[in-house]
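Written out below as structure tokens is the structure these notes cover.
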Ligand code: SME
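Numbering (the working numbering), first residue to last: 37 to 202.
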């Protein structure tokens, strides 16, 4: 299988979508597929310093839900983020992709790596429930375009189709 030899800031997203299907083919395990997916993204897109999953778990205290870190590439990150907090928790609570051109201007942004300047967080929705998010950080301001958002959303749809969540 062919993986792009050089990281690209304008990747061929239709090709990447096929690469997701190819990398995950024959395996539906969540931990394995999440690790493979984050490695593919981190190895293919230019100018990233973090890429990975947070998965929905019950909050430790009281009611509500948290996001717990899953497979990722980059520096160690915050382990647990309550729904509604930070960029990740906001994307999960609002069930929509959030693109942040400058994280320092996002109220409540959680700084896990001081190198991060822009971020995109895409919620993972399965049977009407937010089961997690995929988070990508970049040291470059305004790194993520509409083309990136649409391409990454399609790659994650392929990830969801190829993975069991039960
Ligand atoms: N910046 C995120 C926290 C996760 S790290 O970037 C890996 C946020 O504000 O939710």
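Ideal Cβ placement from N, Cα and C applies to all residues, glycine included.
Quick caveat: nothing in here was measured; it's all calculated off a predicted structure.
- When beta bridges are read from the DSSP output, residue 88 appears opposite 108 and 171.
- Contact check for residue 104 against residue 91 passes: the beta carbons are separated by less than 8 Å.
- As the crow flies, the alpha-carbon of residue 72 is around 29 Å from that of residue 100.
- Cβ-Cβ distances below 7 Å link residue 179 to 83 and 154 in the same chain, with the five nearest sequence neighbours on each side left out; the list follows chain order.
- For residue 58, there is no enclosing beta strand (DSSP E); the enclosing alpha helix (DSSP H) has its first and last residue at 49-60.
- Close CB contacts of residue 138 within its chain, under the 6 Å cut and outside five residues either way in sequence, are with 177 (chain order).
- By the CB criterion at 8 Å, residue 169 and residue 114 fall outside the cutoff.
- For residue 130, the uninterrupted alpha helix (DSSP H) run begins and ends at 122-130, by DSSP.
- Not one heavy atom of the ligand SME lies closer than 7 Å to the C-beta of residue 100.
- If you ignore the 5 residues before and after residue 185, its C-beta comes within less than 7 Å of the C-beta of 133, 135 and 156, all in its own chain and listed in chain order.
- Straight across, the Cα-Cα distance linking residue 152 with residue 172 is about 9 Å.
- Collapsing the DSSP output to three states places residue 79 in a helix.
- For residue 89, the closest C-alpha among the options 121, 62 and 67 is that of 67.
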